[in-house]
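Working notes for the structure below.
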Amino acid sequence: MNDALPPQPCPKCSATLAYVRREGQLLEVCTGCRGVWFDPGELTLLIEVYRKIDDGAGTPSGVTCPRCQGELVELPFPGTQVLVDRCPGCQGIWLDGGELEALKAALQDVAARADDSAEEPVVGRRALALIADAELAAQRRAVCPKCKAGLWYLRRDGNTVEQCSACGGTWLDAGELTAAIAVYRRVDSRHGAPTGAACLRDGEELREVEFPGTQVRIDVCPACAGVWLDQGELDALRAAVQHLVPPERDLGERARELALEAPPAEVRGCPRCGGAVAPAPLRGVAVERCGGCGGTWLDAGLLSICLGVSRKLRVRDGQETTRLCLRCPRQPLVELTYPGTDVPIDLCPDCRSTWLDAGRLEALVEATPGAGASG
35 MNDALPPQPC
45 PKCSATLAYV
55 RREGQLLEVC
65 TGCRGVWFDP
75 GELTLLIEVY
85 RKIDDGAGTP
95 SGVTCPRCQG
105 ELVELPFPGT
115 QVLVDRCPGC
125 QGIWLDGGEL
135 EALKAALQDV
145 AARADDSAEE
155 PVVGRRALAL
165 IADAELAAQR
175 RAVCPKCKAG
185 LWYLRRDGNT
195 VEQCSACGGT
205 WLDAGELTAA
215 IAVYRRVDSR
225 HGAPTGAACL
235 RDGEELREVE
245 FPGTQVRIDV
255 CPACAGVWLD
265 QGELDALRAA
275 VQHLVPPERD
285 LGERARELAL
295 EAPPAEVRGC
305 PRCGGAVAPA
315 PLRGVAVERC
325 GGCGGTWLDA
335 GLLSICLGVS
345 RKLRVRDGQE
355 TTRLCLRCPR
365 QPLVELTYPG
375 TDVPIDLCPD
385 CRSTWLDAGR
395 LEALVEATPG
405 AGASG
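Set out below in structure tokens:
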């Protein structure tokens, strides 16, 4: 997917980033200061060691992310004294010139111990598996409906949205626009102007309409109610509806209430029985429940919130099913056992959402130490 990206300026010295192949990966290296940019997962593949990084422990660096324009934070790479710059939004990592070599040297003993460990696969085998996962994710990643560049998953206002790496446009699934601007308006796309751009989810042609009560035009899918916003349109919408938001109310709380009050969007049916799936409050978050079989759909990150704990879910440990993701077009879910329990769950290998058959959330709460801490 990196081949589709236009040349980017270095976040440190503003020289041009050039594509360089290194150990089988296409990386972006600064032609001036020799720093290196790593998209999510790429550094893990290159150093053959996985470490969870806590962005909250970092300090603002004053450097702008070349992907999503957020501010990078500086922090030590876990288990070392090597300082790296990481983006809390897109999870990319910037290494200054020489830091990659310093990081590899600092982690040599970790890799050696992993090779000798009976509990972990050897580093080489683990690296190959990670590369296979990364290649599969690249094949399945959606492309921009406007300019066909790659889309990146980013956290925006508590939601995981998809932003174009080139033109800066943003895709929001049904209900996410309401959460982003804290205002609900019913949008009728049936009589909108055809755009020639296809919906990311179901391939329907997007329709251009005016968001009610504003002069901002947005692109809406008439089938799934997803929304495409060109660069700058989200800010324009927020400014146009600002007078409608009570100043004394917390925007996040208001957005969650509005999302629950809004009529359920027309979405793909239940992965298990094909029944209707509708928004429902559960343990303090907005999930989607099937009215037929009682199963629960949780978007990326919501399972961890519901349980009050987080576990690393490995797609390669699961078995592909015939059930399809509600969000990603034609993407089969993978069934695996939630770590530390014997409870099966279904995971989307692309958007990382999860499906739980009826009763499995309760089984997970009972089987997972610390679960329920979030209330």
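Remember, our numbering sits 34 above the position in the sequence shown when you count from 1.
Just so you know, even glycine gets a beta-carbon here, dropped at the ideal spot from N, CA and C.
Confirm, please, whether the CB-CB distance from residue j to residue i is below 9 Å.
i: E410; j: V70; result: Outside the modelled stretch of the chain, which goes from 35 to 409, sits residue 410, for which no answer is possible.
i: V118; j: L137; result: yes
i: L206; j: G123; result: no
i: C64; j: G131; result: yes
i: D333; j: V321; result: yes
i: P45; j: L134; result: no
i: Q265; j: G308; result: no
i: W186; j: C67; result: no
i: V319; j: C340; result: yes
i: K346; j: P378; result: no
i: G209; j: P313; result: yes
Hey, how far is the Cα of residue i from the Cα of residue j?
i: V343; j: A49; result: 42 Å
i: R32; j: Y84; result: The question about residue 32 has no answer here: the residues shown for the chain are numbered 35 through 409.
i: P256; j: E108; result: 43 Å
i: G325; j: P315; result: 14 Å
i: R224; j: T356; result: 32 Å
i: K86; j: L77; result: 12 Å
i: E238; j: T93; result: 44 Å
i: R361; j: A274; result: 29 Å
i: L263; j: I127; result: 27 Å
i: P305; j: A52; result: 43 Å
i: T229; j: L395; result: 41 Å
Give every residue of the same chain whose Cβ lies closer than 7 Å to the Cβ of residue i, excluding the five residues on either side of it in the sequence, and list them in chain order.
i: A392; result: C327, G328 and G329
i: L271; result: I215, F245, T248 and V250
i: A227; result: R241 and E242
i: Q125; result: P74
i: E354; result: P366 and V368
Sorted by chain position, which residues of the same chain lie with C-beta nearer than 6 Å to residue i's C-beta, five sequence neighbours on each side aside?
i: S151; result: The predicted position of S151 is uncertain, since its pLDDT is 49 and thus under 50; no value can be drawn from it.
i: G352; result: V368, E369 and L370
i: R114; result: The question names Arg, yet the displayed sequence has Thr at residue 114. Hits under 6 Å: A140.
i: Q42; result: L51 and P100
Am I right that residue i and residue j are in contact with their C-beta atoms under 8 Å? What's the rounded C-beta distance?
i: C258; j: D222; result: No, C258 and D222 are not in contact; Cβ-Cβ is about 15 Å, not under 8 Å.
i: T388; j: L337; result: 5 Å
i: A200; j: C233; result: That belief does not hold up - the Cβ atoms of A200 and C233 are roughly 19 Å apart, past 8 Å.
Give me, in chain order, the residues of the same chain whose beta-carbon lies closer than 8 Å to that of residue i; leave out the 5 immediate sequence neighbours on both sides.
i: A91; result: L109
i: F72; result: L61, L80, G126, I127, W128 and L129
Please list the segments of the beta strand (DSSP E) lying wholly inside the segment 218-290, counting only runs of 3 or more residues, in order along the chain. 227-232, 239-244, 251-254 and 261-263
Whole runs of the alpha helix (DSSP H) within the segment 63-95, excluding any shorter than 4 residues: 76-81
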